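Chemist: FYI, the numbering used here numbers position 67 of the sequence shown as 228, with every residue one higher than the one before it. We put the CB at the ideal spot given by N, CA and C, even for glycine. The structure displayed is predicted, hence computed values, not measured ones. Got a structure for you, written out below as structure tokens; questions coming shortly.
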Amino acid sequence: PTITSVTANLSKVDSTLTDQEENRAAPGDTITLTIQANEALDDLDTSDVSINRVSLSGVSSSDEGRTWIATGTVNASTDSDEELTYSISAFQDEAGNDGDTSSYNTVRLSGTESEQIIIDTNAPTITSVTANLSKVDSMLTEENRAAPGDTITLTIQANESLDDLDTSDVSINRVSLSGV
Numbered sequence: 162p163t164i165t166s167v168t169a170n171l172s173k174v175d176s177t178l179t180d181q182e183e184n185r186a187a188p189g190d191t192i193t194l195t196i197q198a199n200e201a202l203d204d205l206d207t208s209d210v211s212i213n214r215v216s217l218s219g220v221s222s223s224d225e226g227r228t229w230i231a232t233g234t235v236n237a238s239t240d241s242d243e244e245l246t247y248s249i250s251a252f253q254d255e256a257g258n259d260g261d262t263s264s265y266n267t268v269r270l271s272g273t274e275s276e277q278i279i280i281d282t283n284a285p286t287i288t289s290v291t292a293n294l295s296k297v298d299s300m301l302t303e304e305n306r307a308a309p310g311d312t313i314t315l316t317i318q319a320n321e322s323l324d325d326l327d328t329s330d331v332s333i334n335r336v337s338l339s340g341v
């Protein structure tokens, strides 16, 4: 027997996230692998299928054993972000013939040709903040002091994309923010 395709679905715990985050799996999210074979397989279970950083809760068959569904929950971790990968350590057809096992393989998000699921278990880190002062009156000699009407621009950089950062997340002492 041969595994002909493996696709993944991601069910987010937080359904309010944006499109930017829809392929990023966080702790508590559910991953569902759909494994299809060219013929019926005999009894795949959680000891045969593994997904990086996911605790499998079950593996079940449909389609007379040609399609298998593996479901699990993303674990909390301090590891760096990485692509979702899976491994099938052993499988057989109903006649007892061993299948070709594979090492870890990347898997694509169901319904896409190339989008990968990223296991993202770490909070983003601000890596730098820089400030730029634009003076209303360029004749003032104290160029590092902000005066009423001057504009201070902060540039915030992080180790990964940030989502939904707004004026309620950033504050500058004695400054009214106009946008983020």
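Comparing alpha-carbon positions, which option in T232, Q197, R227, N199 lies nearest R214?
Modeler: As a position in the sequence shown, residue 214 is number 53, starting the count at 1. It is T232 whose Cα lies nearest to the Cα of R214.
Chemist: What runs of the alpha helix (DSSP H), each 4 residues or longer, lie entirely inside the region 204 to 243?
Modeler: DSSP runs (the alpha helix (DSSP H)) wholly in the region 204 to 243: none.
Chemist: Could you name the residues of the same chain whose beta carbon sits closer than 6 Å to that of E321, not counting the 5 residues immediately before and after it, in chain order?
Modeler: For the purposes of this step, residue 321 is identified with residue 160 of the sequence shown, where counting begins at 1. The residues are P285.
Chemist: Would you identify the three-state DSSP class for D128, choosing helix, strand or coil?
Modeler: Past the edges of the chain, shown from 162 to 341, lies residue 128, and the structure says nothing about it.
Chemist: Check the C-beta distance from A319 over to I280 and give it rounded, since I have them as a contact under 8 Å.
Modeler: Looking up residue 319 in the sequence shown gives position 158. Looking up residue 280 in the sequence shown gives position 119. Going by Cβ atoms, the distance from A319 to I280 rounds to 18 Å, so no, they are not a contact pair.
Chemist: Around the Cβ of I313, are there at least 16 other Cβ atoms within 10 angstroms (buried) or fewer (exposed)?
Modeler: On the sequence shown, residue 313 is found 152 positions in, with the first residue counted as 1. Exposed.
Chemist: Measure the C-alpha to C-alpha separation of R306 and D324 and round it to an integer number of angstroms.
Modeler: For the purposes of this step, residue 306 is taken as the residue at position 145 of the sequence shown. For the purposes of this step, residue 324 is taken as the residue at position 163 of the sequence shown. So the two alpha carbons sit approximately 32 Å from each other.
Chemist: Which residue wins for smallest C-alpha separation from S223, given the options T234, E304, E200, V235?
Modeler: Translated into the one-based positions of the sequence shown, residue 223 becomes position 62. Residue E200 is the option with its Cα nearest to S223.
Chemist: Using a Cβ-based criterion (distance less than 7 Å to any ligand heavy atom), does A308 qualify as near the ligand COA?
Modeler: Among the components modelled here there is no ligand, and therefore nothing to report on the ligand COA.
Chemist: Is the number of C-beta pairs between the region 291 to 300 and the region 236 to 248 that are closer than 8 Å three or more?
Modeler: No, they do not touch.
Chemist: Output yes or no for whether 8 Å exceeds the beta carbon distance between V235 and V220.
Modeler: Start at 1 with the first residue of the sequence shown, and residue 235 comes out as number 74. Start at 1 with the first residue of the sequence shown, and residue 220 comes out as number 59. For V235 and V220, no; Cβs fall outside 8 Å.
Chemist: Starting from I196, trace the beta strand (DSSP E) in both directions and tell me its first and last residue.
Modeler: Here residue 196 is taken as the residue at index 35 of the sequence shown, counted from 1. Counting along the chain, the beta strand (DSSP E) containing I196 begins and ends at 191 to 198.
Chemist: Candidates D311, I212, I333: which alpha carbon is nearest I230's?
Modeler: As a working mapping, residue 230 is identified with position 69 in the sequence shown. Among D311, I212, I333, the Cα nearest to that of I230 belongs to I212.
Chemist: In this structure, how does DSSP classify N266 when only helix, strand and coil are distinguished?
Modeler: As a first step, residue 266 is located in the sequence shown; it is residue number 105 there, counting from the start. Strand.
Chemist: Note down, in chain order, each residue of its chain lying with its Cβ closer than 6 Å to the Cβ of L205, except the 5 sequence neighbours on either side.
Modeler: As a first step, residue 205 must be located in the sequence shown, where it is residue number 44. So the qualifying residues of the chain are V220, W229, F252.
Chemist: Who does R185 pair with in a DSSP beta bridge?
Modeler: By one-based count along the sequence shown, residue 185 stands at place 24. DSSP lists I279 as partners of R185.
Chemist: Below 8 Å on the Cβ atoms is my contact criterion, and I expect L171 with A186 to pass it. Report the Cβ-Cβ distance as a whole number of Å.
Modeler: Start at 1 with the first residue of the sequence shown, and residue 171 comes out as number 10. Start at 1 with the first residue of the sequence shown, and residue 186 comes out as number 25. That pair is a contact at about 6 Å.
Chemist: Among residues of its own chain, excluding the 5 on either side of E225, which ones have a beta-carbon nearer than 8 Å to its beta-carbon?
Modeler: Start at 1 with the first residue of the sequence shown, and residue 225 comes out as number 64. Closer than 8 Å at the Cβ level, and outside the excluded window around E225, lie A201.
Chemist: Determine whether the beta carbon atoms of T163 and G260 lie at a separation below 8 Å.
Modeler: Counting from 1 along the sequence shown, the entry for residue 163 is found at position 2. Counting from 1 along the sequence shown, the entry for residue 260 is found at position 99. In contact: T163 and G260 (Cβ atoms closer than 8 Å).
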